[in-house]
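Residue numbering for the sequence shown follows the UniProt record's numbering, starting at 1 and increasing by one per position.
In what follows, a structure is listed as structure tokens, so that the remarks can point back to it.
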Amino acid sequence: NDLIVFLADQSAPYFKPRVKVSLKNHSALITGVVPGDYDGDSQMDVLLTYLPKNHVDGGLSAVIFWGKNQTLDPNNMTMLNRTFQDEPLIMDFNGDLIPDVFGVTHEASQPQILLGGNLSWHPALTTKSKMRIPHSHAFIDLTEDFTADLFLTTLSATGTSQFEIWENVDGNFSSRTVLEKPQNMMVVGQSAFADFDGDGHMDHLLPGCEDRGCQRSAIYLARSGTEQWVPVLQDFSNKGTLWGFVPFVQEQHPMEIPIPITLRIGDYNMDGYSDALAILKNTSGSSQQAFLLENVPCTNASCEGAHRMFRVCWELPDLSHIREAQVATFFDIYEDGILDIVVLSRGHTRSDLAIHALKNNFEADAYFVKVIVLSGLCSNDCPRKITPFGVNQPGPYIMYTTVDANGYPKNGSAGQLSQSAHLALQLPYSVLGLGRSANFLDHSPFKHLNSESGIELNCNDSNQELRELLVVAWLEQS
């Protein structure tokens, strides 16, 4: 029931506790933590979702702790006056560069939006669909126009999982496509988005199981602009041992955060193709571990439609030594553009948890570009006369164009902070691998929602070698 913020430092220990706020008087269990600038003062605030004490309907409450001068004031907080049926999605609904809170509340039947700034509630969408719990909604460009759309995971009239894209046209969201889950999938995991095939557009990755007990796990892919599911991983066996995803268990009165089947995306080897981390369980035992899923060229007929596939890296000693892994994600610990791995594991008791940090020692003559997109609400006339660094925005979309070793054009893309619920654990920046041979970018545009401040980065002088490039972009309201 406490939130502790560790600030990064260049000297050991590299993360030092700086801020602590407590919800012991209100919360039975904190379920979500989402930083953002919810009042538009360019100071980082933090939204917490939690199960209130003596809760009876399973509803989630939320509170915002307001940031000031690189800290949070425990006495300066706003308790939201509505409760959510599931964790909310943080997005910029109206394009004012202030994050908004999207979700279904117990006070209304239709999805609602809490607008950042004045914290006023408004109807968000009119839909007959029921939101799936746990949801994996996303705020990301899925229509290839560099404007973030709204992706919803819903249930059909018959209770079947489906996926809806609400296209953002000039700041208005309208239903565009509805895609049903793969026919063979019985247990549906959390949707993830990545430029899986390196064509510059977002593809939809869906992990799940083809039986209720998750004895047969699979990951399916729907390429950008298509409505066809292609399996990109179905082989979960290693040396006679069958592994599979850990099915989600929803408890009425949980004592710990329930964790759905989730892929966490990152380019581990900087080859320009998104890899993933997943938690798998030994189907004949009880142990579970974190595994790296490497994105490799397709080698069988079933994945031909995707051109690529995942391959489980079974022989990574550092990962395999961590027993009872619960969560695994990527994180650039050393700020060198190389994605390291952070794993949360459980000890002998349910409350005995440990965090493991694994340095990425992958060595390759590879290049990358690291992009962070910040708000431009305040650059000179700032509150309290302090010019802040800026606050990471949900929804920006980044794409680059370069040339591979054979002289063919190659694209890559990523979205920033597109998902926020159920331990999405997305990075507040994008690391885009360029591969081993590319040392220049031809074209790299990125844009946010309906802001007209699209920014294009051109660095196509091949005489200037590009080993690494950090791009910090401030968006301004149009």
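By construction, the Cβ of each residue, glycine as well, lies at the ideal position given by its N, Cα and C atoms.
In the displayed model, Ala12 falls within coil according to three-state DSSP, outside both helix and strand. Between Leu344 and Ile333, the beta carbon gap of about 15 angstroms keeps them out of contact (Cβ cut-off 8 angstroms). Residue pairing by DSSP puts Gly266 in a beta bridge opposite Asp275. Boundaries of the alpha helix (DSSP H) harbouring Asp318: Pro317 to Ser320, taken from the DSSP string. Between Leu114 and Leu80, the C-beta spacing is below 8 angstroms. For Gly189, the closest alpha carbon among the candidates Thr143, Ala148 and Val246 is that of Val246. For Trp314, the closest alpha carbon among the candidates Ser224, Glu304 and Lys281 is that of Lys281. It is roughly 24 angstroms from the alpha-carbon of Ala148 to the alpha-carbon of Ile64. Beta bridge pairing from DSSP links Trp229 with Ala222.
Taking one beta carbon from each stretch, the segment 263–271 and the segment 222–230 have fewer than 3 pairs nearer than 8 angstroms; the two do not touch. Inter-residue distance for Tyr397 and Ser413 is about 7 angstroms (C-alpha atoms, whole angstroms). Taking the Cβ atoms as the reference, Ala138 lies roughly 15 angstroms from Ser175, outside the contact range of under 8 angstroms. Counting only residues of its own chain and dropping the five nearest sequence neighbours on each side, Asp100 has a CB closer than 8 angstroms to the CB of Ile90, Met91, Asp92, Phe93, Asn94, Ile113, Leu114, Leu115 and Gly116.
Shortest Cα-Cα distance from Met202 to any of Ser418, Leu425, Leu423 and Pro428 involves Ser418.
Proximity to Lys20 across Leu48, Glu210 and His307 peaks at Leu48, based on C-alpha coordinates. Taking 3 residues as the shortest admissible run, the UniProt domain "T-cell immunomodulatory protein TIP C2" (388–444) contains the following complete beta strand (DSSP E) segments, listed from N- to C-terminal end: 397–403, 409–415 and 430–435. Between Ser284 and Leu233, the CB-CB gap reaches or exceeds 8 angstroms. In this structure, the CA atom of Asp336 is about 20 angstroms from the CA atom of Gly415. In the DSSP annotation of this structure, the continuous segment of the beta strand (DSSP E) that includes Cys313 starts and ends at Arg308 to Cys313.
The beta carbons of Ala328 and Leu277 sit about 4 angstroms from each other, so the pair counts as a contact at 8 angstroms. Excluding its 5 nearest sequence neighbours in each direction, Phe84 has C-beta neighbours in its own chain below 6 angstroms: Leu60, Gly103 and Thr105, listed in chain order.
Non-local beta-carbon contacts of Gln43 in its own chain, meaning distances under 8 angstroms to residues more than five positions away in sequence, involve Asp37, Trp66, Gly67, Lys68, Asn69, Pro383, Pro388 and Val391 in chain order.
Assignment of Ala301 by DSSP, reduced to helix, strand and coil, places it in the helix class. In the three-state DSSP reduction, Gly244 falls in the strand class (E or B). With 16 or more other CB atoms across the displayed protein chains lying within 10 angstroms of its CB, Arg132 is buried. When DSSP states are grouped into helix, strand and coil, Val169 belongs to the strand group. Inter-residue distance for Cys209 and Thr71 is about 43 angstroms (C-alpha atoms, whole angstroms). Collapsing the DSSP output to three states places Val104 in coil. For the pair Leu432 and Tyr400, the CB atoms are nearer than the 8 angstroms cut-off.
In the assembly as shown, Gln393 is a buried residue. Its beta-carbon has 16 or more other beta-carbons within 10 Å. The three-state secondary structure of Ile338, taken from DSSP, is coil. In this structure, Pro297 is the residue among Pro297, Gly244 and Val312 with its C-alpha nearest to the C-alpha of Gly305. In this structure, Ser375 keeps its C-beta atom at 8 angstroms or more from the C-beta atom of Glu324. Cβ neighbours of Arg311 within its own chain (closer than 6 angstroms, five residues either side excluded): Glu294 and Val296. Annotation for Met77: the continuous beta strand (DSSP E) segment containing it runs Thr71 to Met79. Under the DSSP assignment, Pro258 falls outside any beta strand (DSSP E); it carries neither an H nor an E label.
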